[in-house]
Amino acid sequence: MSDIQEATKQLLDVNLHVKQRSVPVTESDIRSESEHLHVTIGATVPTGFEQTASDEVREKLGSSCKISKDRGKIYFDIAVESLAQVHCLRSVDNLFVVVHEFKDYQFKNTKEEVLKDFEDLAGKLPWSVPLKVWKINTSFKKKKTKRKKINQNSSKRKIDNGQGDKLDERDVKKEFTNHTLGSHILDFYENPAIKEEISTLVGDLASCKDETDERAKEETESQVLKFRVTCSRAGEKHCFTSNEAARDFGGAVQEYFKWKADMTNFDVEVLLNIRDSEVIVGIALTEESLHRRNITHFGPTTLRSTLAYGMLRLCAPQPTDIIIDPMCGTGAIPIEGATEWSNCYHIAGDNNPLAVKRTANNISSLLTKNQIKEGKPSWGLPIDAVQWDICNLPLRTGSVDVITTDMPFGKRMGSKKRNWNLYPACLREMGRVCRPGTGRAVLLTQDKKCFSKALSGMGHVWRKVHTVWVNIGGLHAAVYLLKRTPQVFVHSSEEDEVLGNANNEDD
Ligand SMILES: C[S@@+](CC[C@H](N)C(=O)[O-])C[C@H]1O[C@@H](n2cnc3c(N)ncnc32)[C@H](O)[C@@H]1O
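Using my numbering, count along the sequence shown one by one with no gaps and you end on 519.
Here you go:
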């Protein structure tokens with residue numbers, strides 16, 4: 013059974029399960045109820061790759077996307093049956109269901125007035141459908157830490173299909189008032205990676221607490237849902253901080269649903285995203301970023317799988333293509349490639365034996381994971397890992413279709429000084445192995461000056477087609493899409509010979 017089939021089956025199970033807790037209705041009622049649930053999903057994606065993510069959504073879900081002016085976010089509408097497929101997207105990091113979007117929110121003039129408005133907002137929002145989607149989603153979302161189960165007998169009420177008048181929202185309030193979830197008010201995170209660091213750290217500390225205390229506490233709190241509010245804010249003209257907005261809006265959400273605030277062990281994470289005059293309230297559908305799927309053995313500069321996917325997609329891999337990452341580090345790019353483009357053959361190489369070992373371990377862990385998931389021996393992945401030097405690749409001239417690599421930036425890896433020799437040598441050797449006329453390369457670097465200089469000396473072999481600007485851990489980097497020119501590669505010795513002959517002719 014494929015991932016999607018499995019998840020869809022689970023979704024159906026959840027629907028039936030929801031039915032048991034609601035008024036007795038037939039299975040077809042449940043189906044039709046779900047069939048009529050349509051929601052807007054928001055997703056964070058690697059900055060610069062919004063269009064790639066939008067293309068993937070259109071291709072796999074048939075939905076068109078709105079690319080937010082807030083870089084790194086896309087929005088699309090789905091029927092709830094597609095929720096499982098949304099979790100299988102390769103280009104998205106975090107997912108949330110939109111509760112409400114204010115395109116042009118009118119902020120009042122004073123901080124007190126603005127915060128009072130946020131307080132009032134909690135009781136006015138159309139929570140019903142998003143909360144139902146959140147509930148369905150809990151069955152197939154990847155869990156970061158063990159969570160308590162929702163009290164399955166707590167509600168006798170059926171939530172409506174979300175066209176939502178005031179009465180429906182009151183029903184939802186009752187339904188979710190009696191669940192197990194918790195909130196804590198977190199200030200803000202602009203960068204999802206930073207947020208994850210905070211959550212993980214606090215979670216680890218929490219796990220050191222005395223277990224008996226925890227169990228006793230859990231028993232008394234078992235009926236109450238825990239939540240937290242996370243506010244991100246961008247824009248010059250706000251008279252309040254994200255911390256204040258999260259605190260006051262969070263307080264009102266707590267009051268409205270009678271949930272309990274818990275920063276680390278929350279069930280529901282309510283998001284308040286503010287950018288200039290745009291305000292979006294959402295509920296998180298992922299506990300940890302979906303980019304954490306392939307890698308178990310990390311290195312100093314491991315790339316997000318979502319970014320690796322975006323880079324690979326830029327070269328439009330075709331069946332039977334030979335795709336290499338000549339500076340693979342922990343193998344994030346070729347492993348993502350072998351998973352998503354399994355009809356191609358991928359080679360991961362690095363000159364550092366430790367990196368090659370990490371790549372091999374990552375491949376092996378992924379195979380074991382797949383084997384456990386499928387309950388039978390896995391067919392393996394179309395990938396090999398080798399140790400090599402990019403300046404002297406053990407590959408035939410013109411034998412490679414696609415090169416995708418993340419070059420040493422010269423900060424954490426290598427040095428800017430060394431890049432002045434490395435980059436021209438890389439481009440030359442990559443030009444040798446890449447197939448003239450059809451070959452392409454997608455190269456990521458933050459050392460743009462050095463790269464541009466090296467490329468300018470290789471115009472006969474490489475043509476720059478497109479540049480995507482990305483943010484890698486706060487560094488402004490570039491992803492270059494290059495096309496191999498039709499010019500046949502001339503080896504240096506042959507070049508010397510040609511030059512020698514030319515000189516002789518001059519004599
Ligand atoms: C930015 S890291 C790649 C990180 C990788 N994308 C990952 O996800 O882990 C660059 C890699 O280039 C490798 N490298 C540097 N010089 C090299 C050379 N001459 N030949 C092959 N690999 C080299 C380094 O060992 C390092 O692993």
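Heads up, the beta-carbon is just placed ideally off N, CA and C, and yes, glycines get one too.
Please read all numbers here as calculations on a predicted model, not as lab measurements.
(request) Please check if any C-beta of chain C sits within less than 9 Å of the C-beta of Pro58. (result) Included in the structure is just one protein chain, with no chain C present.
(request) Anything with a beta carbon under 5 Å from a heavy atom of ligand 1 counts; list them all in chain order. (result) For ligand 1, the selected residues are Gly311, Thr313, Thr314, Leu315, Met339, Gly341, Thr342, Ala344, Asp362, Asn363, Asn364, Ala367, Asp401, Ile402, Asp418, Pro420, Met425.
(message) Can you tell me which residues form a DSSP beta bridge with Leu319?
(response) According to DSSP, residue pairing for Leu319 in a beta bridge does not occur.
(message) Output needed for Leu494: all residues of its chain with C-beta closer than 8 Å, excluding positions within five of it in sequence on either side, in chain order.
(response) Beyond the five residues adjoining it in sequence on each side, Leu494 comes within less than 8 Å, by CB distance, of Arg452, Ala453, Val454, Leu455, Leu467, Trp474, Arg475, Lys476, Val477 in the same chain, given in chain order.
(message) Going by the DSSP bridge assignment, what does Lys85 pair with across the sheet?
(response) For Lys85, which the question treats as bridged, DSSP gives the partners Thr56.
(message) Can you give me the C-alpha to C-alpha distance between Lys72 and Ile415, rounded to a whole angstrom?
(response) Taking the straight line from one Cα to the other gives about 25 Å.
(request) Locate the beta strand (DSSP E) running through Gln399, then write down its first and last residues. (result) Where Gln399 is concerned, the enclosing beta strand (DSSP E) stretches over 395-399.
(request) State buried or exposed for Glu124, treating a residue as buried only when at least 16 other CB atoms are found within 10 Å of its CB. (result) Under this definition Glu124 is an exposed residue.
(request) Tell me whether Arg496 sits in a helix, a strand or coil according to DSSP, three-state version. (result) In the structure shown, Arg496 sits in a strand (DSSP, three-state: E or B).
(request) Could you spell out where the alpha helix (DSSP H) holding Cys462 opens and where it closes? (result) Here the alpha helix (DSSP H) through Cys462 covers 460-468.
(request) Using 10 angstroms around the beta-carbon of Leu337, count the other beta-carbons present and answer buried if the total reaches 16, otherwise exposed. (result) Note on residue identity: the sequence assigns Asp, not Leu, to residue 337. So Asp337 ends up on the buried side.
(message) Residues in the same chain with beta-carbon distance under 7 Å from Lys460, minus the five sequence neighbours each way, listed in chain order, please.
(response) For Lys460, where only same-chain residues beyond five positions count, the Cβ hits under 7 Å are Ala490.
(request) Could you check which residue in Ala91, Leu95, Glu93, Val69 has the C-alpha nearest to that of Lys85? (result) Looking at the Cα atoms, Val69 is the closest of the given residues.
(message) For Glu267 and Ile53, what's the separation of their Cα atoms in angstroms?
(response) Looking at the two C-alpha atoms, the distance is approximately 26 Å.
(message) I need the DSSP call for Trp139, collapsed to helix, strand or coil.
(response) Under the three-state reduction of DSSP, Trp139 is assigned to coil, being neither helix nor strand.
(message) Which of the three DSSP states is assigned to Lys238 in this structure?
(response) The three-state secondary structure of Lys238, taken from DSSP, is strand.
(message) According to DSSP, is Phe278 part of a helix, a strand, or is it coil?
(response) DSSP places Phe278 outside both helix and strand once states are collapsed to three, so it counts as coil.
(message) If you reduce the DSSP assignment to three classes, tell me which class Val265 lands in.
(response) It is helical.
(request) Taking all protein chains shown into account, decide if Gln235 is buried (16 or more other Cβ within 10 angstroms of its Cβ) or exposed. (result) Gln235 should be labelled exposed.
(request) State whether the segment 421-441 contacts the segment 282-302, with contact taken as three or more CB pairs (one from each stretch) at a distance under 8 Å. (result) For the pair of segments examined, the segment 421-441 was found not to touch the segment 282-302: the number of CB pairs separated by less than 8 Å stays below three.
(request) Using the DSSP secondary-structure output, state which residues sit across from Trp474 in a beta bridge. (result) In DSSP, Trp474 forms a bridge with Arg496.
(message) Which of the three DSSP states is assigned to Gly294 in this structure?
(response) Here Gly294 sits in strand by DSSP.
(request) Just tell me which of Glu248, Gly247, Lys249, Ser254 has its CA closest to the CA of Val241. (result) Looking at the Cα atoms, Ser254 is the closest of the given residues.
(request) For Ser317, count neighbouring C-beta atoms within 10 Å of its own C-beta (all shown protein chains included) and say buried if the count is 16 or more, exposed if not. (result) By the Cβ-count criterion, Ser317 is buried, with 16 or more other Cβ atoms from all chains shown falling within 10 Å of its own Cβ.
(request) Have a look at Phe278, Ile79, Leu49 and flag the residue whose alpha-carbon is nearest the alpha-carbon of Thr56. (result) Comparing Cα positions, the closest option is Ile79.
(message) Could you pull the DSSP bridge partners for Lys78 from this structure?
(response) According to DSSP, Lys78 bridges with Tyr87.
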